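Following this note's numbering, the numbering of the sequence shown begins with 3 at its first residue and continues without gaps. Glycine included, every Cβ here is placed at the ideal spot set by N, Cα and C. Keep in mind that this is a model prediction, so the values were computed, not measured. Here's the structure we're looking at; comments come further down.
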Amino acid sequence: HGVGASVVNALSDWLEVSVHKNGKIYQMKFSRGEITQEIRIIGDTDRTGTVVRFHPDPGIFDETVFDYKTLHTHMREQAFLNAGLKIITEDRRCGHEQKDEMCYEGGIREFVSFINRNKTQRHNDVIYMYGEKEGSEAEIALQYNDGYNEIIVSFANNIHTAEGGMHETG
Numbered sequence: 003h004g005v006g007a008s009v010v011n012a013l014s015d016w017l018e019v020s021v022h023k024n025g026k027i028y029q030m031k032f033s034r035g036e037i038t039q040e041i042r043i044i045g046d047t048d049r050t051g052t053v054v055r056f057h058p059d060p061g062i063f064d065e066t067v068f069d070y071k072t073l074h075t076h077m078r079e080q081a082f083l084n085a086g087l088k089i090i091t092e093d094r095r096c097g098h099e100q101k102d103e104m105c106y107e108g109g110i111r112e113f114v115s116f117i118n119r120n121k122t123q124r125h126n127d128v129i130y131m132y133g134e135k136e137g138s139e140a141e142i143a144l145q146y147n148d149g150y151n152e153i154i155v156s157f158a159n160n161i162h163t164a165e166g167g168m169h170e171t172g
């Protein structure tokens, strides 16, 4: 929906964005939607990528502690939906330390295999289709298993649509 970063920025007492690009690390900082540090180069790097760190504003939210499992599950979905994108989730809280790296070159094909990991598949290969028309893209992957119920997981613009929608029903 294109408003994620601006909303997170407005609802955070601090937000920090670091971009590794062209051999440099660029960083910019914000507080409650306002710039507190203009973009500047803070170092050299041989990597590429973006790191976003933030803290929800306790003046707005009663609860500012995240459930790692919920966050990790969402980020894993994003890694499946963006084939080849490496996403790292990390919990640095004392007593809760953990770090997970996710990168799925097979994209939604691997997502279907992950969903079916505890089922008996009726065929080995995940069925996959991709199409593009008038500037819109669609991807679909499926695999039959021994279950009696269908499992449909759909997304629009990388947002999980738990209640379905026209992209699912046609």
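CB-CB length for residue i against residue j, believed under 8 Å
i: P58; j: L13; result: 6 Å
DSSP beta-bridge partners of residue i
i: K121; result: None, per the DSSP bridge assignment.
i: N147; result: Q123
i: V53; result: S20
Rounded straight-line distance, which links the Cα of residue j to that of residue i
i: E197; j: N11; result: Missing from the structure shown is residue 197; the chain here goes from 3 to 172 and no further.
i: V128; j: A143; result: 6 Å
i: T163; j: F32; result: 31 Å
i: M77; j: H169; result: 22 Å
i: C96; j: T66; result: 16 Å
i: G172; j: S20; result: 40 Å
i: N147; j: G6; result: 36 Å
Counted within 10 angstroms of its Cβ, other Cβ atoms place residue i as buried (16 or more) or exposed
i: G109; result: buried
i: K145; result: Inspection of the sequence shows that residue 145 is occupied by Gln rather than by Lys. It is buried - the Cβ of Q145 has at least 16 other Cβ atoms within 10 Å.
i: R111; result: buried
Neighbour flag for residue i against chain E, beta carbons, 8 Å
i: G109; result: Looking at the structure shown, chain E is missing, and only one protein chain is on hand.
**OP:** Please determine if the segment 61-75 and the segment 109-120 are in contact, where contact requires at least 3 C-beta pairs separated by less than 8 Å.
**Re:** no
Original post:
Would you call the segment 45-53 and the segment 20-27 touching, i.e. three or more CB-CB distances under 8 Å?
Top reply: yes
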